[in-house]
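Structure first, then comments.
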Amino acid sequence: MADAASNAHEFSVSELAQSLKRTVEETFGHVRVRGELGRVTIAKSGHMYLDLKDEKAVIDGVMWKGAVNALSFRPEEGLEVIAEGRLSTYPGRSKYQIIIERLEPAGTGALMALLEERKKKLAAEGLFAAERKRALPFLPQVIGVVTSPTGAVIRDILHRLEDRFPRHVLLWPVVVQGDSAAGQIAAAIEGFNALPEGGEIPRPDVLIVARGGGSIEDLWAFNEEIVVRAAAASAIPLISAVGHETDTTLIDYASDRRAPTPTGAAEMAVPVRSDLVSHVRSWEDRLTRGLLRLVDHRKTALRSAGRALPRPENLLALSRQRFDNGSDRLPVSLSRLIDRRKDRLSVAAAGLRSPQQLISLARQRLGTGAGRLAPALSIMVRSRRDRLNSVA
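Heads up, the sequence shown is in the numbering used here, so the first residue is 388 and it goes up one at a time.
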């Protein structure tokens with residue numbers, strides 16, 4: 388036994404690792420494995436690293452950037468998938484792994500189970516609550532559309548808007564399928580909301596997020612949390628129009644309105660211009676008829692009120708009669724007033740003395756005063772003379 392062991396070929400570590408790698412790859416070649424996704428990591432390079440597991444074992448998996456970009460859904464922990472690729476080893480870690488070339492959900496049931504679980508989670512957070520829904524503007528000036536720049540969807544929306552009521556449309560181009568779709572759609576919704584009011588690029592009054600029909604895998608980007616949360620957080624009212632009428636995605640629950648088709652979204656966004664013109668004319672006719680009825684009613688009311696008023700000539704007749712009566716009494720009243728004034732003057736005159744009596748009385752007083760004045764002057768002259776003599 389010792390000789391047999393000593394005669395065995397001696398490998399270096401690298402040689403043995405490479406030998407194992409060749410053996411595994413040649414033995415298994417292309418494999419198809421069903422399992423549940425565990426750890427899922429996307430590196431900065433774009434490559435994806437994951438764990439594929441069941442109840443008893445775990446196999447590492449790697450998916451290169453090109454294959455990752457071709458995915459129609461976003462792999463995440465807990466999803467049951469089918470992986471196709473090559474079994475190989477990683478010599479640097481002495482581990483075997485699957486180089487995944489194709490990855491798909493393990494049937495619709497797996498995706499539906501994941502969808503239902505996610506729906507319950509987001510509903511519990513209140514993202515689908517009715518009180519969060521915003522009313523759509525009656526006639527938006529600017530409509531923002533998030534969809535593919537090519538294909539029937541954007542053409543259908545533009546044609547329907549042109550038929551109903553042409554508006555200013557801003558298109559934010561995105562891919563609507565594949566691993567990068569969810570990130571682009573969410574970024575577009577957030578980008579429209581970030582536009583300032585009155586900015587160089589007009590801020591939309593309503594958003595339409597649209598995509599044509601497809602399988603659940605094709606529409607999976609609109610079930611991603613990042614898209615649903617962006618729709619729920621949008622300050623701009625949002626219409627979801629994903630797939631056909633029978634298709635339902637989680638963004639439909641978070642949006643303010645759900646349209647059965649992209650064409651239906653355009654119909655929700657704007658009214659029909661011809662219908663508006665017809666309504667305006669109808670309202671104008673109704674308003675005119677209402678005003679005419681109001682004027683007629685006011686005229687009738689004025690006529691009724693006028694009949695209850697006295698005639699103008701009757702009002703003047705009474706005033707004229709009073710004036711005539713006053714005119715007749717005025718001369719008599721003036722004559723009586725003059726007579727009363729004369730009587731009062733006569734009485735006053737009788738109480739006054741005549742001028743002759745006054746002059747005679749004044750003469751008597753003057754004569755009496757003159758008789759007294761001469762003796763008084765004589766006495767005063769003698770008195771002054773005596774004073775002078777005594778002084779001298």
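Here a beta-carbon is modelled for each residue, glycine too, at the ideal position from N, C-alpha and C.
Note that the coordinates shown come from a computational prediction; the quantities given were computed from them, not determined experimentally.
Euclidean distance between Cα positions of residue i and residue j
| i | j | result |
| --- | --- | --- |
| Gln743 | Arg709 | 54 Å |
| Asp592 | Ala522 | 11 Å |
| Arg694 | Gly677 | 26 Å |
| Lys452 | Ser665 | 57 Å |
| Ala761 | Ile725 | 56 Å |
| Leu502 | Trp607 | 9 Å |
| Ile446 | Gly422 | 9 Å |
| Glu512 | Ile638 | 14 Å |
| Ala618 | Gly496 | 26 Å |
| Ala641 | Ala575 | 16 Å |
| Ser706 | Arg716 | 16 Å |
| Phe415 | Leu509 | 42 Å |
| Ala333 | Ala749 | The question about residue 333 has no answer here: the residues shown for the chain are numbered 388 through 779. |
| Arg759 | Ala736 | 36 Å |
| Arg668 | Thr675 | 10 Å |
| Arg723 | Arg685 | 57 Å |
| Ile544 | Ala653 | 6 Å |
| Ala757 | Leu732 | 39 Å |
| Ala569 | Ser401 | 42 Å |
| Gly538 | Val657 | 22 Å |
| Gly578 | Trp559 | 9 Å |
Classification of residue i by the beta-carbon crowding that lies within 10 angstroms, buried from 16 upward
| i | result |
| --- | --- |
| Asp730 | exposed |
| Asn776 | exposed |
| Val596 | buried |
| Phe398 | exposed |
| Asn610 | buried |
| Met450 | buried |
| Gln751 | exposed |
| Trp670 | exposed |
| Leu753 | exposed |
| Ile487 | buried |
| Pro697 | exposed |
| Thr687 | exposed |
| Arg769 | exposed |
| Leu683 | Reading the sequence as shown, one finds Asp at residue 683 and not Leu. Asp683 comes out exposed. |
| Thr633 | exposed |
| Ala444 | exposed |
Reference residue i; option with closest CA among the options
| i | options | result |
| --- | --- | --- |
| Gly599 | Pro536, Glu611, Ile486 and Ser401 | Pro536 |
| Ala573 | Val533, Lys440 and Met767 | Val533 |
| Gln405 | Gly422, Glu423 and Tyr477 | Tyr477 |
| Ser622 | Asn580, Ala628, Pro462 and Thr635 | Per the sequence shown, residue 622 should be read as Ala rather than Ser. Of Asn580, Ala628, Pro462 and Thr635, the residue nearest in Cα terms is Asn580. |
| Gly586 | Thr636, Ala619 and Val529 | Val529 |
| Ala629 | Ala617, Arg769 and Thr650 | The sequence given here places Val at residue 629; Ala does not occur at that position. If we check each option's Cα against that of Val629, Thr650 comes out closest. |
| Leu571 | Val561, Gly565 and Pro647 | Leu is not the amino acid found at residue 571; the sequence shown has Gln there. With distances taken between Cα atoms, Gln571 lies closest to Val561. |
| Ser661 | Pro553, Leu437, Val563 and Gly425 | Pro553 |
| Lys520 | Pro527, Ala500, Trp559 and Ser627 | Ser627 |
| Leu466 | Pro524, His546, Asp441 and Glu577 | Asp441 |
| Asp566 | Arg645, His434 and Pro697 | His434 |
| Lys408 | Glu464, Leu689, Leu437 and Tyr483 | Tyr483 |
| Gln564 | Ala457, Phe525, Arg690 and Arg673 | Ala457 |
| Arg505 | Ser714, Arg673 and Val615 | Val615 |
Distance between beta carbons of residue j and residue i, contact taken as under 8 Å
| i | j | result |
| --- | --- | --- |
| Val411 | Ser459 | Going by Cβ atoms, the distance from Val411 to Ser459 rounds to 30 Å, so no, they are not a contact pair. |
| Pro624 | Asp605 | That pair is no contact at about 26 Å. |
| His555 | Pro589 | 7 Å |
| Arg542 | Val659 | About 20 Å separates the two Cβ atoms, so there is no contact after all. |
| Gly531 | Leu439 | Wrong, their Cβ atoms sit about 40 Å apart, outside the cutoff. |
| Pro462 | Val427 | 5 Å |
| Ile485 | Gly448 | 5 Å |
| Val468 | Pro492 | 6 Å |
| Leu498 | Ile613 | Actually they do not touch by this definition, with Cβ atoms about 17 Å apart. |
Contact test: residue i Cβ vs the ligand NAP heavy atom, cutoff 6 Å
| i | result |
| --- | --- |
| Ile572 | Questions concerning the ligand NAP fall outside what the structure shown contains, since it holds no ligand whatsoever. |
**Study point:** alpha helix (DSSP H) runs wholly inside the region 619-658, at least 4 long, in chain order
**Key:** 637-641 and 649-656
Review point. Can you list, in chain order, the stretches of the beta strand (DSSP E) that have 3 or more residues and sit fully within the region 549-584?
Key: 555-560
Point to revise | Secondary structure, beta strand (DSSP E): runs of 3+ residues fully inside the region 426-472 | key: 435-440 and 445-450
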